[in-house]
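For the sequence shown, our numbering assigns the number 965 to the initial residue and increments by one for each residue that follows. Below is one structure, written out as structure tokens; comments come after it.
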Amino acid sequence: MRLLKFFPVMMVLLGVSQVKAQRFELKKPDNPAKCSSIKEGRFVRVDYPAGIWNMTIKDNVQTEYFNNGKDYIKSSLVFLNDCSYKAIVIEKTALNDRIKVGDVFSNTITKTQDNYLQIQTRIGNSQIELIYAKAKSK
């Protein structure tokens, strides 16, 4: 029930990012997908500036940073196989009530190409596709 308040706002925001993400396509995807690249690193979304949203993954902990790094959502990752994993929210600083500690996001990497990953994310009955770019190591 608590997720129902989250869905209308999520769908509006995700709908806008979905339109932008559709402009960027993985035209020559890897075959098979190189899913292991999600297991560690820094990622940005192709449709958002890094200051608005970026994410790090290390030791099965995913931390999404918002608001120029002032707020974050930390999730524990449980890999079901190389290309599917669940993100369970374990901590957050953002004051909004849209995402709660304990929420579970189901993620499937559907395509990869170079440093890009196309990910299908589901929470409840809602589903979106996102494209992450993995930042190159220095």
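Glycine included, each C-beta is placed from N, C-alpha and C at the ideal position. This one's a predicted model, so the numbers in the text were calculated from it and none came from an experiment.
Check your understanding: When the Cα of Gln1091 is compared with those of Ile1083, Lys1098, Ala1097, which residue comes out closest?
Key -> Measuring C-alpha to C-alpha distances from Gln1091 to each of Ile1083, Lys1098, Ala1097 identifies Ile1083 as the nearest.
Point to revise | Contact under 8 Å by Cβ, Ile1052 with Ser1070 | key: The answer is no: Cβ separation not under 8 Å.
Practice item. Measure the C-alpha to C-alpha separation of Gly1005 and Leu990 and round it to an integer number of angstroms. Key: Just so you know, the alpha carbons of Gly1005 and Leu990 end up roughly 20 Å apart.
Review point. So, are the CB atoms of Phe1030 and Tyr1036 less than 8 Å apart?
Key: A distance below 8 Å separates the beta carbons of Phe1030 and Tyr1036.
Exercise for review: Could you tell me the distance, in whole angstroms, from the CA atom of Lys1064 to the CA atom of Lys1056?
Suggested key: Rounded to whole angstroms, Lys1064 to Lys1056 spans 8 Å at the Cα level.
Check your understanding: Can you give the Cα-Cα distance for Lys1100 and Arg1062, rounded to whole angstroms?
Key -> Cα to Cα, Lys1100 sits roughly 31 Å from Arg1062.
Exercise for review: Work out the CA separation of Thr1027 and Phe988 for me, nearest whole Å.
Suggested key: Answer to the nearest angstrom: the Cα atoms are 24 Å apart.
Review point. Under a Cβ-count criterion, where at least 16 other Cβ atoms within 10 Å of its own Cβ denotes burial, should Lys1022 be classed as buried or exposed?
Key: Lys1022 is exposed by the Cβ-count criterion.
Check your understanding: Looking at the structure shown, is Gly1005 part of a helix, part of a strand, or coil, going by DSSP?
Key -> Here Gly1005 sits in strand by DSSP.
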